[in-house]
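Residue numbers (the numbering used here), protein chains in the order written: chain A, 1 to 222; chain B, 1 to 222.
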């Protein structure tokens with residue numbers, strides 16, 4: 001059986017769970033406490049972080065970009081990248097937008113302070129980082145609304161890794177209750193559609209010890 | 001003509017110059033002072049950073065991962081990723097190793113403090129960050145030696161984006177004189193081979209205003 005070493009509140013790991021589910025590939029999950037630097041895990045991935053995907057009879061794949069490209073090459077249907085080099089460039093551009101730009105400007109500030117720090121034993125979140133994350137999120141939600149005014153999904157007519165990557169980040173922040181949905185109906189409409197996909201079911205059932213999910217986290221009509 | 005908006009001392013930009021040169025694709029370069037946030041540049045790339053590649057008659061491509069995958073799809077010969085999903089996964093894993101792990105542990109500390117800060121008008125490098133970068137570099141150079149003991153190039157028998165990415169980072173740090181070559185003959189032997197490739201010529205002629213290159217920067221027998 002395919003096995004995913006992950007942390008359920010890391011956006012990069014949620015991305016892989018969503019890709020696997022959209023492609024209807026079965027997998028089992030192992031929560032990997034990367035901060036313990038377990039020797040057997042370091043033997044799988046000397047870089048020491050998650051996600052790591054071990055294919056049946058295959059060697060371990062790392063990192064999230066590598067895993068997505070590999071899954072797309074080996075299991076091309078349904079495609080999560082698109083069918084032409086131009087479409088794929090647009091999907092990858094938006095993946096990079098959410099993983100790198102949104103990641104740095106929003107997730108690192110909110111998920112980093114509220115969740116990652118707990119694992120590291122540092123219990124006091126930096127309030128100015130949290131403020132910055134909450135401020136930065138607005139124009140990203142505007143960008144989602146702008147894209148979906150012109151397109152069915154973020155990168156074009158079909159659901160793709162662009163939507164998956166955006167939802168992987170946003171779902172963690174939504175768990176924390178830090179998405180100002182009321183001010184962003186366009187982004188909300190996109191997320192409501194994404195949230196109702198079967199691939200999201202597992203993620204909406206995630207629970208983080210010590211932090212309760214926001215009231216609407218698992219609600220499909222939020 | 002294909003046009004690359006770049007900063008010549010950013011590893012992600014050097015990577016694209018090297019890929020284009022290895023694939024023998026002609027291009028012209030534009031230094032883009034991203035901190036000025038020029039409106040015409042933001043129209044090309046709302047994310048506001050480099051590299052951005054504008055293909056002849058094409059729309060702008062961003063970011064460096066996207067550009068590499070696009071060039072590989074549209075100009076597959078010679079391949080910089082390999083011919084099977086497993087080979088490509090190994091190349092991408094090592095790309096991620098150098099771009100993300102080496103980038104965070106070494107380049108952000110050394111290139112970040114010594115070069116990026118100058119652009120931002122912050123002139124005092126953080127000496128503890130520089131110390132951390134110089135300490136972290138050792139095990140990465142050991143890793144290069146370890147890989148090339150078993151393989152001709154970093155990811156296998158052929159030169160690939162793994163070598164290009166590693167060299168893109170290392171060449172900037174070598175300009176600063178911060179690679180302890182004497183202690184790492186294995187990594188040095190690999191870099192000497194890479195350095196002598198025609199694709200490196202332009203990069204070895206780069207000059208950063210206000211910082212002289214290390215004495216051996218452009219020397220093929222260093």
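Quick reminder that beta carbons are idealized off the backbone N, C-alpha and C, glycines included.
It should be emphasised that the depicted structure is a prediction, and the values quoted were computed from it without experimental measurement.
With burial defined as no fewer than 16 other Cβ atoms inside 10 Å of the residue's Cβ, what is the status of residue i: buried or exposed?
i	result
residue 43 (chain A)	exposed
residue 121 (chain B)	exposed
residue 84 (chain B)	exposed
residue 57 (chain B)	exposed
residue 30 (chain B)	exposed
residue 88 (chain A)	buried
residue 200 (chain A)	buried
residue 188 (chain A)	buried
residue 171 (chain B)	buried
residue 17 (chain B)	buried
residue 210 (chain A)	exposed
residue 225 (chain A)	No answer is possible for residue 225 (chain A): it lies beyond the span of chain A, which begins at 1 and ends at 222.
residue 39 (chain B)	exposed
residue 80 (chain A)	buried
residue 219 (chain B)	exposed
For the beta strand (DSSP E) holding residue i, just list the boundary residues, first then last.
i	result
residue 28 (chain A)	28 to 31
residue 3 (chain B)	3 to 6
So what does residue i bridge to, in DSSP terms?
i	result
residue 208 (chain B)	B:211
residue 60 (chain A)	A:54
residue 156 (chain A)	A:153
What residue range is occupied by the uninterrupted alpha helix (DSSP H) comprising residue i?
i	result
residue 44 (chain B)	39 to 44
residue 107 (chain B)	Run containing residue 107 (chain B): none; DSSP gives neither H nor E here.
residue 190 (chain B)	185 to 195
residue 84 (chain B)	No alpha helix (DSSP H) holds residue 84 (chain B); DSSP gives it neither H nor E.
residue 15 (chain A)	11 to 22
residue 175 (chain A)	161 to 175
Assuming contact is defined by CB atoms lying nearer than 7 angstroms, are residue i and residue j in contact in what I supplied?
i	j	result
residue 161 (chain A)	residue 91 (chain A)	yes
residue 109 (chain A)	residue 129 (chain A)	yes
residue 163 (chain A)	residue 194 (chain A)	yes
residue 9 (chain B)	residue 173 (chain B)	no
residue 27 (chain B)	residue 61 (chain B)	no
residue 15 (chain A)	residue 64 (chain A)	yes
residue 94 (chain B)	residue 155 (chain B)	yes
residue 12 (chain A)	residue 46 (chain A)	no
residue 68 (chain A)	residue 19 (chain A)	yes
residue 175 (chain A)	residue 213 (chain A)	yes
residue 165 (chain A)	residue 99 (chain A)	yes
residue 35 (chain A)	residue 119 (chain A)	yes
residue 190 (chain A)	residue 148 (chain A)	yes
residue 215 (chain B)	residue 186 (chain B)	no
residue 32 (chain A)	residue 41 (chain A)	yes
Legend entry - the region 60 to 85 of chain B: positions lying closer than 7 angstroms to chain D by Cβ: Reference to chain D is not applicable here, since the protein chains of this structure are A and B.
Legend entry - contact_flag[the region 71 to 87 of chain A, the region 140 to 148 of chain A] where n(CB pairs < 8 angstroms) is 3 or more: no
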